[in-house]
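Peer 1: For the protein sequence lines, the chains are V and L, in the order given. Numbering-wise, the first sequence is residues 758 to 767 according to the working numbering. Numbering-wise, the second sequence is residues 528 to 742 according to the working numbering. Have a look at this one.
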Amino acid sequence: VAPDDVKDEL
Amino acid sequence: MNIFRLAGDMTHLASVLVLLLKIHTIKSCAGVSLKTQELYVIVFATRYLDIFTSFVSIYNSLMKLIFLGSSFSIVWYMRYHKAVHRTYDREQDTFRHWFLMLPCILLALLIHEKFTFFEVMWTFSLYLEAVAILPQLVLLQRTRNIDNLTGQYIFLLGGYRGFYILNWIYRYFTEPHYVHWITWISGLVQTLLYADFFYYYFLSWKNNKKLQLPA
C-alpha cells in the first residue's frame, strides 16, 4: 500500500 | 482504486478528449477560454512534479502523461495553430487569470499538510484547479451561443470532481486515517462553482433547447 504521503490520486 | 475515482478519472479524460476532438476535427476553439486551458497546464505541471520520482502504478503514470500532454497540446493549438487561433475570441476571454494564481500561491504557503516544496506546489495546484474554470464560465456568460461540444466539455469537467467527492467519502469510511481536509474543501468549492452551470445545462437538456446562461 502506498504510504500516506505518496499522492495516489490524480 | 474505487469505482467513484475510476468514474472520476474517466469523466475527466472524456472532458479532455471532447475538447481535443472539437479543436482537432472542426479546427475551432470558439467559446473555449484559453485562460482556463493555460491554468490547467499549470495545475497539471505543479500537480505531477513527482511523476518521475514516485511511481504509484502504470495507470497513474499513464493518466498523468495524458493529462499533461493534452493540456499542453490544447494550449499549443489555441495559441499557435493558425486555423484554430483564428476562432479564438480574444476580446471576450479577458479574465485576469494570472491574478487567480497569486492568492492560490499565498494560500498554499499558508495552508498545507507539510511545508516542503512538493507539498506546497501540490497544494497550490489543488487551489488553482478549484478556480481554473472561472475564466471559462465568465466567457460562457458573454458568448450567447454555446455549442454542444463546449457545453459537454464543461459538464464533464465539472462532473469529474463530483465523482472524486464520492471517492473521498468512500475512502474516508473504508480507510483508517484517510483524512485530507485541504483536498476535500478545495474539491467541494470546485464542484460548487459549476452549480449554476449544471442547473442551466440540465434545463437546456430537459427543454431540449440551446444552452444559454443568463447575462
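The beta carbon of each residue, even a glycine, is placed where N, CA and C say it ideally should be. Model, not experiment: these values are computed from the prediction.
Considering only C-alpha positions, which residue in the set L:L595, L:V583, L:V568, L:H612 is nearest to G558 of chain L?
Peer 2: Locating residue 558 of chain L in the second sequence gives position 31, where the first residue counts as 1. Ranking L:L595, L:V583, L:V568, L:H612 by Cα distance to G558 of chain L puts L:H612 first.
Peer 1: So which residues on chain V does K591 of chain L lean against when the C-beta distance must stay under 9 Å?
Peer 2: Within the second sequence, the letter at position 64 stands for residue 591 of chain L. Simply L767.
Peer 1: Going by beta-carbon coordinates alone, are V658 of chain L and Q717 of chain L separated by less than 9 Å?
Peer 2: On the second sequence, position 131 is the one that residue 658 of chain L refers to. On the second sequence, position 190 is the one that residue 717 of chain L refers to. Yes, they are a contact pair.
Peer 1: Classify Y726 of chain L as helix, strand or coil using the three-state DSSP reduction.
Peer 2: Position 199 of the second sequence, counting from 1, holds the residue named residue 726 of chain L. Residue state, collapsed to three classes: helix.
Peer 1: Closest by CA to T563 of chain L, which one among L:L676, L:G714, L:V602?
Peer 2: Here residue 563 of chain L is taken as the residue at index 36 of the second sequence, counted from 1. Taking only the C-alpha atoms, the option nearest T563 of chain L is L:V602.
Peer 1: Please return the same chain residues whose Cβ sits closer than 6 Å to the Cβ of L740 of chain L, not counting the five positions on each side in sequence.
Peer 2: Residue 740 of chain L sits at position 213 when you count from the first residue of the second sequence. So the qualifying residues of the chain are L667, Q668, Y727.
Peer 1: Kindly indicate the opening and closing residues of the alpha helix (DSSP H) around H551 of chain L.
Peer 2: Sequence index remark: in the second sequence, residue 551 of chain L carries index 24 (1-based). It spans 530-552 - the alpha helix (DSSP H) in which H551 of chain L sits, taken as one unbroken run.
Peer 1: Which of the three DSSP states, helix, strand or coil, is assigned to D616 of chain L?
Peer 2: As a first step, residue 616 of chain L must be located in the second sequence, where it is residue number 89. Reduced to three states, the DSSP call for D616 of chain L is coil.
Peer 1: By a C-beta neighbour count over all protein chains shown, 10 Å radius and 16 as the cutoff for buried, is L653 of chain L buried or exposed?
Peer 2: Stepping through the second sequence from its first residue, residue 653 of chain L is reached at position 126. Buried is the call here.
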